[in-house]
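Novice: Got a structure for you, written out below as structure tokens; questions coming shortly.
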Amino acid sequence: MSRTYLITGAASGIGEATATWLRERGNTVIGADLRDADIVADLATPEGRDHLVRRAGELSGGRLDAVIAGAGLGAFEPRTVSVNYFGAVATLEGLRPLLAAGTDPRAVTIASIAAVHPHDPAIADAALAGDEEAALAAARAAVDRGEEYAIYGSTKAALARWVRRTAVTADWAGAGIPLNAIAPGTVVTPMTEPMLARPDLREVIDRTVPMPLHGHARPDRIAPLLAWLTSSENELVTGQVVFIDGGADAVLRGDSAW
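Just so we're aligned, residue 61 is where the sequence shown starts under the working numbering, counting upward by one.
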């Protein structure tokens, strides 16, 4: 049965690959991105987030069956906080009423293996408190002390924690809406290709994200997991951060998580 999806970050990378996968199987996909999308919106801004929600309601006829909040930045700069955490949360919270009107509603967002790396608690805690100004200030402080590399992982750690907290609440589990995140390892996308092209950076990436099973992933290999998590078949999986990382989490954390 055809379903109606909204995907942010749909113009490239994992979002584009997932939109293609779903459309090829007869689903309707409303794409959102900074360009080349059904909804052009900057999720780093409150205005862009409001525009996304408003246009989603108009284009969907007031109902969605699934939302994939995939828009993200890999830059080591404060703006990453606004897109990766606050943009994703605003997308999921803002579109929840449309999901509530859909059939077998499902939602998923994209975290990262970087969520298990050391991160900046000041950024993550401010994000989880809903204080964007404080989170941005903490990110600027990280840049000032030369620790800008912690920004990306901090946003993904906060997002993963938000999913865990939120998925079991009345608005989500209580309303019959599974909410999950996936945590990819290194995926070859326009965001990562410039870094992977530099031997020095590639060595750092492979050391911090070891992927013994098949190495770096293609976006179209991530799409099937997102499709299943947002399908009618997923009735019980919720509040999970599902690693799709070629074994990176198992290498980095071993059995310490259990």
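Quick reminder that beta carbons are idealized off the backbone N, C-alpha and C, glycines included. Since the structure is predicted, the reported quantities are computational estimates derived from the model, not experimental observations.
(1) What does the Cβ neighbour count give for W232, buried or exposed, with the cut at 16 atoms within 10 Å?
(2) List the endpoints of the continuous alpha helix (DSSP H) containing L296.
(3) Is it true that the CB of I173 sits closer than 8 angstroms to the CB of A308?
(4) Which partner residues does N240 have in the DSSP bridge list?
(5) Does the separation of the CB atoms of L116 and I99 fall below 8 angstroms?
(6) Compare the C-alpha of T298 against each of G75, R221, R123 and W81 and name the closest.
(7) Is F136 helix, strand or coil when you go by DSSP?
(8) Hey, I237 and P165 are a contact pair by Cβ (cut 8 angstroms); roughly how many whole angstroms apart?
(9) Taking all protein chains shown into account, do 16 or more other C-beta atoms lie within 10 angstroms of the C-beta of H179, making it buried, or fewer, making it exposed?
(10) Bridge partners for A104 per DSSP, in chain order?
(11) Taking DSSP's pairing of strands, which residues face V301 in a bridge?
(12) Which value, in whole angstroms, describes the spacing of the CA atoms of G17 and G130?
(13) Please identify the residue among A202, E293 and E153 whose C-alpha is closest to the C-alpha of L219.
(14) Counting pairs of beta carbons, one from the stretch 99-109 and one from the stretch 139-157, are three or more of them closer than 8 angstroms?
(15) Could you give the first and the last residue of the continuous alpha helix (DSSP H) run that contains V223?
(16) Do you know how far the Cα of P272 is from the Cα of A135?
(17) Taking all protein chains shown into account, decide if V223 is buried (16 or more other Cβ within 10 angstroms of its Cβ) or exposed.
(18) Per DSSP, what kind of secondary structure is D93 in: helix, strand or coil?
(19) How big is the Cα-Cα spacing for P279 and T249?
(20) Identify every residue that forms a DSSP beta bridge with T68.
(21) Using only the alpha-carbon positions, how far apart do R85 and W318 sit?
(22) List the whole-angstrom C-beta distance separating A182 from A198, where the pair is believed to meet the contact cut-off of C-beta under 8 angstroms.
Specialist: Reading from the atomic positions:
(1) Along the sequence shown, read from residue 1 onward, the residue named residue 232 stands at position 172. By the neighbour-count rule (16 or more Cβ atoms within 10 Å), W232 is buried.
(2) Here residue 296 corresponds to residue number 236 of the sequence shown, with the count starting at 1. Taken as a continuous stretch (DSSP letters only), L296 belongs to no alpha helix (DSSP H), as it is neither H nor E.
(3) In the sequence shown, residue 308 corresponds to position 248, counting from 1. In the sequence shown, residue 173 corresponds to position 113, counting from 1. Contact: yes.
(4) For the purposes of this step, residue 240 is identified with residue 180 of the sequence shown, where counting begins at 1. V168.
(5) Mapped onto the sequence shown, residue 116 falls at position 56. Mapped onto the sequence shown, residue 99 falls at position 39. Per the sequence shown, the amino acid found at residue 116 is Ala instead of Leu. Going by C-beta atoms, A116 is nearer than 8 angstroms to I99.
(6) Within the sequence shown, residue 298 is the residue found at index 238, counting from 1. Considering only alpha carbons, the answer is R221.
(7) The count along the sequence shown starts at 1 and reaches residue 136 at position 76. In this structure, F136 counts as coil in the three-state DSSP scheme.
(8) As a first step, residue 237 must be located in the sequence shown, where it is residue number 177. As a first step, residue 165 must be located in the sequence shown, where it is residue number 105. Contact flag correct, Cβ pair sits at about 5 angstroms.
(9) The count along the sequence shown starts at 1 and reaches residue 179 at position 119. Counting Cβ neighbours within 10 Å, H179 comes out buried, since at least 16 surround it.
(10) What you label residue 104 is simply residue 44 of the sequence shown in a count that begins at 1. Answer by DSSP bridge pairing: none, since A104 is not bridged.
(11) Locating residue 301 in the sequence shown gives position 241, counting from the first residue. DSSP, once it has assigned bridges, lists A241 as partnering V301.
(12) For the chain, the structure presents residues 61 to 318; residue 17 sits outside this window and is missing.
(13) By one-based count along the sequence shown, residue 219 stands at place 159. Here the closest residue by C-alpha is E153.
(14) yes
(15) Against the sequence shown, residue 223 aligns to sequence position 163. Run containing V223: A210 to T226, per the alpha helix (DSSP H) assignment.
(16) By 1-based counting over the sequence shown, the position of residue 135 is 75. By 1-based counting over the sequence shown, the position of residue 272 is 212. Whole-angstrom Cα-Cα distance: 26 angstroms.
(17) Numbered from its first residue, the sequence shown carries residue 223 at position 163. Flag for V223 reads buried.
(18) As a position in the sequence shown, residue 93 is number 33, starting the count at 1. If DSSP states are grouped into helix, strand and coil, D93 belongs with the strands.
(19) Counted from its first residue, the sequence shown places residue 279 at position 219. Counted from its first residue, the sequence shown places residue 249 at position 189. Cα to Cα, P279 sits roughly 7 angstroms from T249.
(20) Residue mapping note: residue 68 aligns to position 8 of the sequence shown, counting from 1. Per DSSP, A92 and A129.
(21) For this step, residue 85 is matched to residue 25 along the sequence shown. For this step, residue 318 is matched to residue 258 along the sequence shown. Roughly 37 angstroms between the two C-alpha positions.
(22) For the purposes of this step, residue 182 is identified with residue 122 of the sequence shown, where counting begins at 1. For the purposes of this step, residue 198 is identified with residue 138 of the sequence shown, where counting begins at 1. Right, the Cβ-Cβ distance comes to about 4 angstroms (below 8 angstroms), so this counts as a contact.
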